[in-house]
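For the sequence shown, the working numbering begins at 17 and goes up steadily by one. Everything below concerns the one structure shown next.
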Amino acid sequence: GPTIWPVFGVTPEFFSNRNDVYGWVTRWLKTCRGTFTYRGIWLGGSYGAVTCVPANVEYMLKTNFKNFPKGSFYKDRFSDLLEDGIFNADAESWKEQRRIIITEMHS
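So this is what it looks like as structure tokens:
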């Protein structure tokens, strides 16, 4: 994946590609066979994985969701936009919202 610099993580590379973030991510996805990890600035709390592999997406969002919590870093930064909706939920809250959405989609 992208170079993860000590202290700065992928931030320098991200900013050097800020005018073409989608192209930059796409190039890394192609280079890394569809999945790569990243880490932001040290002590900033940002880290994760980017994937375009359907089996990986299903594994993270359905099969083994409990092992991929969003955590406080994500929730705090997106709470104004996403509130307590399914895209900002973890654990039991996520399960309940997912159940409701699936029920509604199949009605």
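C-beta: ideal position from N, C-alpha, C; glycine also. These numbers were taken from a predicted model, which means no experiment stands behind them.
- Judged by their CB atoms, Leu45 and Val66 are nearer to each other than the 8 Å cut-off.
- Separation of Val69 and Gly87 (C-alpha to C-alpha, rounded to the nearest whole angstrom) is 23 Å.
- Nearest Cα to Gly60 within the set Val23, Arg34, Ser109 and Ile116: Val23.
- Every unbroken stretch of the beta strand (DSSP E) spanning 3 or more residues and falling wholly within the segment 18 to 83 is given here in chain order: 51 to 55 and 63 to 67.
- Annotated as distal: Ile57 and Thr19, with beta-carbon spacing of 8 Å or more.
- By the beta-carbon neighbour count (other beta carbons within 10 angstroms, threshold 16), Asn35 is exposed.
- Burial check for Gly39: the Cβ neighbour count within 10 Å stays below 16, so the residue is exposed.
- Tyr54 has its alpha-carbon roughly 17 Å from the corresponding atom of Asn83.
- Cβ neighbours of Phe94 within its own chain (closer than 8 Å, five residues either side excluded): Phe103 and Asn104.
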